[in-house]
Amino acid sequence: MFDFLRDSQWLWWLGAALALGAIEMLTLDFMFLMLAAGALVAMVAAALGLNLTGQFVLFCLSALVLLFFVRPVLRRRLEESTPLAVTNAAALTGRDALVAEPVTELAGTVKLHGEIWSARPQWDGETFAVGERVRIARIDGATARIERLPA
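All residue numbers for the sequence shown refer to this note's numbering, where the first residue is 3 and numbers rise by one.
Set out below in structure tokens:
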């Protein structure tokens with residue numbers, strides 16, 4: 003029984019590498035990926051016959067080197083290659099909408115991407131008639147501030 007455990011240490015390291023790789027897929031932080039790579043280094047050492055202490059030392063050293071030198075480079079490259087996505091209310095700014103109910107400083111609605119939004123003019127004193135095409139200037143809470151389309 004113990005002979006099998008001793009003779010298949012490389013298999014344990016492979017299992018650890020796969021488990022750490024699976025955790026990495028959930029976190030996407032490159033930390034567990036570096037630990038998985040360290041486990042693969044230890045797996046190779048185990049397959050070559052290095053004792054358990056040596057395997058563990060190689061695992062720790064390779065994981066630390068990867069964590070401190072490779073991981074920051076990978077994270078920086080990922081951040082540089084990922085475009086900034088405009089989401090939520092900021093994504094609606096500049097979009098065109100259709101006035102659904104007359105818009106004054108006190109009331110009004112617009113239809114924006116199939117949804118009805120309460121709306122107010124961007125500038126005091128402006129009014130908008132039903133059916134008029136307008137542009138979203140900004141979003142204040144759940145209210146769209148609208149302006150006329152450029153001519």
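C-beta: ideal position from N, C-alpha, C; glycine also.
Please read all numbers here as calculations on a predicted model, not as lab measurements.
Rounded to whole angstroms, the separation of the alpha carbons of Val88 and Leu66 is 36 Å.
Under the three-state reduction of DSSP, Asp98 is assigned to strand.
Three or more beta-carbon pairs drawn from the stretch 13 to 30 and the stretch 38 to 47 are found closer than 8 Å, and the two stretches are therefore classed as touching. Following the DSSP letters along the chain, one finds Pro123 inside the beta strand (DSSP E) bounded by residues 117 to 123. The three-state secondary structure of Val59, taken from DSSP, is helix. For Glu103, the CB contacts under 6 Å within the same chain, skipping 5 residues up- and downstream, are Gly110, Thr111 in chain order. One alpha carbon belongs to Ala144, the other to Pro152, and they sit about 24 Å apart.
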